[in-house]
Amino acid sequence: EPEVTQTPSHQVTQMGQEVILRCVPISNHLYFYWYRQILGQKVEFLVSFYNNEISEKSEIFDDQFSVERPDGSNFTLKIRSTKLEDSAMYFCASSLRGGSYNSPLHFGNGTRLTVT
Amino acid sequence: EDKVVQSPLSLVVHEGDTVTLNCSYEVTNFRSLLWYKQEKKAPTFLFMLTSSGIEKKSGRLSSILDKKELFSILNITATQTGDSAVYLCAVYGGATNKLIFGTGTLLAVQP
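If you're matching them up, the sequences are chains A and B in order. For what it's worth, our numbering labels the leading residue of the first sequence as 1, then goes sequentially. For what it's worth, our numbering labels the leading residue of the second sequence as 1001, then goes sequentially.
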């Protein structure tokens, strides 16, 4: 069964450094997402991406965050200057269609980001 | 503010028991409710429910939605240790692509 893959599985970085989290969505899916889960808390929406542009973003997704689909397969999340509170598990997800079509999301295994 | 509430927060049962997990929601322009199973890493998709009263079933797992009372239940019969996980409920609402998640129910199945 096709799956969403994420790399790296764990990233440790110092405060103020830039990080790029990488994802390969399921190949025929058209919508891509980033969610995050701080330890012990809810899964939170960050951003959705469709047709090479952001379709929706949350208040968490401020100017320090950006997303890109640099080629036909990869989908990346960049955090420009990491803060301690960015430490979380970051999940990439994809869906065949958008939420308005009730299309289920399929999640990757996540990247655990630790900011020291 | 849209919200999804799950109960109980955690549950410990023995193998063979039947469990019922609850999810209630207050979401503007509800469209669908989804259940996921999270074992250490990725949430894996279980069910999507859009209509009231129609049970979705997959093996020992089943789920049903009540759009009048704004809740859903996830049933697991004859539990096994492999069912131990966090079960997440999430809702699509409004004209949006984002899922709103509950905090999850941590299920521990003891041998």
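For each residue, glycine too, the CB sits at the ideal point set by N, CA and C.
| said: Using the Cβ count rule (16 or more neighbours within 10 Å means buried), how would you classify B/T1096? | reply: A residue is called buried once 16 or more other Cβ atoms fall within 10 Å of its Cβ, and B/T1096 is buried on that count.
| query | Quick one: is B/F1045 near chain A, going by C-beta distance under 8 Å? | reply | Yes, its Cβ sits closer than 8 Å to a Cβ of chain A.
| query | In chain B, what lies closer than 8 Å to A/P104 by C-beta? | reply | Those are L1034, F1045 and M1048, listed as they occur along chain B.
| field | B/Y1025 versus A/T7: straight-line alpha-carbon distance, rounded | value | Distance between the alpha carbons of B/Y1025 and A/T7: 33 Å.
| task | Kindly say whether A/G117, judged by its beta-carbon, lies nearer than 8 Å to any beta-carbon of chain B. | result | Nothing can be reported for residue 117 of chain A: it is not among the residues displayed for chain A, which extend from 1 to 116.
| query | With 16 other CB atoms within 10 Å as the buried threshold, where does A/P70 fall? | reply | With a 10 Å radius around the Cβ and a threshold of 16 neighbouring Cβ atoms, A/P70 comes out exposed.
| field | DSSP-derived helix/strand/coil call for A/L46 | value | Three-state DSSP puts A/L46 in a strand.
| request: Specify whether the region 76-92 of chain A and the region 10-23 of chain A touch according to this definition: at least 3 beta carbon pairs, one from each stretch, less than 8 Å apart. | output: Yes, the region 76-92 of chain A is in contact with the region 10-23 of chain A.
| request: Might you give, ordered along the chain, the residues of its own chain that have their beta carbon closer than 7 Å to the beta carbon of B/L1070, omitting 5 neighbours on each side? | output: So the list reads S1024, Y1025 and E1026, once near-sequence residues are dropped.
| said: Taking its Cβ as the centre, do 16 or more other Cβ atoms sit within 10 Å of B/T1081, making it buried, or is it exposed? | reply: Burial call: exposed.
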